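Colleague: Okay, here's the structure, questions in a sec.
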Amino acid sequence: MLIAVLSCFILACFAPWLHRLGGRQSGWLLSVLPAALFVYFASLLPEVSQGGQLQFAYPWFPGLQIQLSFLVDGLSLLFALLITGIGFFILVYGGRYLEGHQSLGRFYIFLLGFMGSMLGLVLSDNLISLFVFWELTTVTSFMLIGFNHEQEDARKKAHQGLMVTVMGGLALMTGFIMLGLAAGSFELSTILASGTLTEHSLYLPMLLLILLGTFTKSAQTPFHFWLPNAMAAPTPVSAYLHSATMVKAGVYLMARLHPSLGGSEAWLLILSLFGAVTMVTGIFLASRATGVKRVLAYSTVMALGTLTMLLGLGTEKAALAAVTFLLAHALYKGALFMIAGILDHSAGVKDFRDASGLRASMPITTVVAILASLSLAGIIPLFGFVGKELLLEAVLTASIWQIGLTIATLVANIMVVLVAAIMALKPWFGPQIETPKKPHDPNVALLVGPALLAVLGLVFGLAPALAGNGILTAAASAVYGQPVTIGLSLWHGINLPLMLTISSLIFGLIMYRFWAGWRHITRFMQTAEKFGPEVIYERLMLGMTTFASWQTKTLQNGYLRNYLITTLGTVIIIVGWALLRVNQLELDINFSDIKVHEFAIVALLILSAIIAVMVRSFLAAVAMLGALGFGVALLYVFFSAVDVGITQVLVETITVLLLVLVLYRLPEFRSLSSSANRIRDAIIAGITGLLMTVLILAITSARQLEGISDYFLQNSGPLGHGRNVVNVILVDFRALDTLGEIFVLALVAIGVYAMIHLRTGALPVTNSDRRAAFTFRRSQKEKMKADEQAQKEGEAS
């Protein structure tokens, strides 16, 4: 299982090389992995379909209760099969769709990394590892959405999706920590087995935080705006994101946690309300849009709202309806998005208003599009019809807002029929109009994915037991928390849900007939969108950058003196206030055990510091700073920290040498600050020194617990196999910190190398560079003149 999850990341490392090796067949070559993973996960179907669970665990950070543990039940297996199955078609499709693109190898890296992240997310049994994969999907989707990074719009939309989902991810992380504390474990299987947590004192805050994370990821209102904007990504990416992966990650998490967090009034109200509002909002916006991908994107928002609403209802029928609708949506939405890509690739059509009469030139594509659209509309005998019937039955038996949810679902279904009719009829029938490209059916690589997905929608519709008696029942049982006994069937007889379906079909076709009029009637939305959530987001981002600009000009204005004043002033206020609030401050001041040579070293340190401040010669100041550093090194040696003392000597020696070497390039000593400024600086420095002294004395006097040094002295030999305690701490006990410091130094080295490389002329100097350099030099001269003027005014005053 670990190999199955990590294999996508491993293959991603070799994808560019395999692309060069495979050429135009590289998509087929790389798709072997998701095909093999699909077969592997399919081999687990017999056991999981019988209600079984498979668990795998690999140690990662056992001290922090973090391990790479995986849980395979009906829900996670359903998602794994969708991710790998549709991922196979997307790799084949994407390889031919982007054929000849100079960055196709990079596309494969991002897509395979995204696939591995999604697999890790849906299979993780540990909350912390699940969150790691959750954030990996955010990062990789950001790369995919902004794949055409040379376009400003792609960069902007990718950044928008990143910001929205990352902010939700921070809330989710906090909710996960609270959930682990409330349940006493970070293992999902343990949390689910322990029963409901609705009575816990942390229930409401952790529920709100977790739902905030899932709502941003699955584009629930008011966070729905980022999802249609993600259409800046290439069509293969859109097809994968919308059908089987990222946007359904939030839905998966809500379904996964339903047995533990569901069933309360808060869960029912929040999910039902937001789900219904998102459902209607998404399909309403889809009914007005004309861009092919944008219409499909808004219909995905509708589907995500529908799934959220069903999970909120929490009944057995709602659980089965949710997983059935999820599978049906994955099949027809993946097919329709790939059809949208074919329209663009083979005819140059991106807007429904620019397409008509293509059935003669693209007969196979027309049949596939109609088949997938019929499933979207919920027409018998397609699998979408089965999902729609279960949806209506679930809302008709809802325990809350039954009439309201039924009306909302009916309105949404009417507009779904309108959208399906647009997709099934508008580009293919009617008088043929000229398109930017000569229309034609694409080759097998582009057509095999949508064709098979559309056909599967028909097969599962004709024989719903193929899915319902196996994976869907097991998935619904995992969502519901108990075995689901309801089965799937195509025909339920003449009943109220069927009447509602027929009504939605009739009214939807009427709306299609008057689609232009409908768009004209609802043109007020163009004005309303100026006050929508996306505008609020843009204003928040503008406000944040404006504040950052002000903060930079005020606090980071290029003067080290201001930085020190701000930092030390903040320390004085915060630490000083904390010390003043201490009721009884005990300071253990005892000079009895201090030796004469220690007094001498301290006197040398004080004298060096005073002289360094008072002298007006750079060389003398450097000499005094060196004496100060060597005095500190002596203290280390006398207190048995010889290695630290040697390090201090080396650092001071190098520093003094470097300062002496640059003395000849420094301007001659000038006093640029006024007497008042120097007095202010002296006061701040004095208060800071006094405060630090009092703080250290207070801490050492108030120590009640034993120092940690004893632990290191006792265990450095047995555990770290070293007698140098400091080295053992750095290499063994704090190895992760040391690794981080090495990483930072490596980044600095890379940055220095890049600067040197650029300085040697690796890149040509442009006129804009020369203008920027001239402007910078002029500003520096003006600043020096201003400083000199300020000095003269200060001396005069």
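Going by the UniProt record's numbering, 431 is the number at position 431 of the sequence shown; the sequence numbering is gapless. The beta carbon of each residue, even a glycine, is placed where N, CA and C say it ideally should be. Treat the numbers as computed from the prediction; the structure is a model and nothing was measured.
1. Per the contact definition of three or more C-beta pairs closer than 8 Å, is the stretch 72–88 in contact with the stretch 463–478?
2. In three-state terms, what does DSSP make of Q67?
3. In angstroms with no decimal places, state the Cα-to-Cα distance between residue 810 and M499.
4. Rounded to a whole number of angstroms, what is the C-alpha to C-alpha distance between T760 and V728?
5. With distance defined between alpha-carbon atoms, name the residue in T324, I210, L505, M143 nearest to F131.
6. Who are R124's beta bridge partners in DSSP?
7. Give the single residue among D351, P205, H258, S69 whose Cα lies nearest to the Cα of T308.
8. Going by alpha carbons, who is nearest to L268 out of N562, A347, G314, V602?
9. What is the DSSP secondary structure of G761, counted as helix, strand or coil?
10. Using a threshold of 8 Å, state whether the C-beta atoms of G348 and T435 are closer than that.
11. Is F223 buried or exposed, if buried means 16 or more other CB atoms sit within 10 Å of its CB?
12. CA-CA distance, A762 and M755?
13. G576 to D681, Cα distance in whole Å?
14. Checking 8 Å against the spacing of the C-beta atoms, do V292 and K350 come in under that value?
15. So what's A57 in DSSP terms, helix, strand or just coil?
16. Give me the Cα-Cα distance between F429 and S361, rounded to the nearest whole angstrom.
17. May I ask you to verify whether the stretch 275–283 touches the stretch 192–199, counting CB pairs closer than 8 Å and requiring at least 3?
18. Between the Cα of G146 and the Cα atoms of L172, L202, V237, which residue gives the shortest distance?
19. Give every residue of the same chain whose Cβ lies closer than 8 Å to the Cβ of R723, excluding the five residues on either side of it in the sequence, and list them in chain order.
20. Give every residue of the same chain whose Cβ lies closer than 6 Å to the Cβ of V448, excluding the five residues on either side of it in the sequence, and list them in chain order.
21. Output yes or no for whether 8 Å exceeds the beta carbon distance between A372 and I339.
22. Let's test the definition: count the other Cβ atoms within 10 Å of the Cβ of Y559 and tell me whether it reaches 16, buried, or not, exposed.
23. Shortest alpha-carbon distance to C8 belongs to which of Q160, N148, T137?
24. Output the distance between the C-alpha atoms of R20 and S26, rounded to the nearest integer angstrom.
25. Please classify P62 as buried or exposed, where buried requires at least 16 other C-beta atoms within 10 Å of its C-beta.
26. Three or more C-beta pairs under 8 Å: does that hold for the stretch 458–468 against the stretch 392–406?
27. Residues in its own chain within less than 6 Å of F70 by CB, not counting five upstream and five downstream?
28. Kindly give me the distance between the Cβ atoms of P450 and S356, rounded to whole angstroms, as I take these residues to be in contact under 8 Å.
29. Between the alpha carbons of W17 and L98, how many angstroms are there, rounded?
30. Where S117 and F133 are concerned, what is the direct C-alpha to C-alpha distance, given to the nearest angstrom?
31. If you reduce the DSSP assignment to three classes, tell me which class G481 lands in.
32. By Cβ distance below 7 Å, which residues in the same chain neighbour F142 in space, the five residues on each side in sequence not counted?
33. Which residues bound the alpha helix (DSSP H) around P46?
34. If you compare alpha carbons, which of R106, L410, T165, L181 is closest to H149?
Modeller: The structure says:
1. yes
2. strand
3. The chain is shown from 1 up to 797; residue 810 falls before or after that span and cannot be answered.
4. Note that T760 has pLDDT 46, beneath the 50 cutoff, so the model's placement of it is unreliable and the number below is only indicative. Using only the alpha carbons, I get a separation of about 42 Å.
5. I210
6. It should be noted that the sequence gives Ser, not Arg, for residue 124. Bridge partners of S124: F70.
7. H258
8. G314
9. Reliability of the predicted coordinates at G761 is poor, the pLDDT of 46 falling under 50, and the value obtained from them is presented with this limitation in mind. Looking at G761 - three-state DSSP - the assignment turns out to be coil, as it is neither helix nor strand.
10. yes
11. buried
12. Residue confidence is low: A762 scores 45 on pLDDT, short of 50, so the model does not pin down where it sits. Its coordinate-derived value is still stated next. Rounded to whole angstroms, A762 to M755 spans 10 Å at the Cα level.
13. 18 Å
14. yes
15. strand
16. 11 Å
17. no
18. V237
19. S716, G717
20. none
21. yes
22. exposed
23. T137
24. 8 Å
25. exposed
26. no
27. M1, F56, L123, D125
28. 20 Å between Cβ atoms; not a contact.
29. 17 Å
30. 5 Å
31. coil
32. A158, G161, L162
33. 45–49
34. R106
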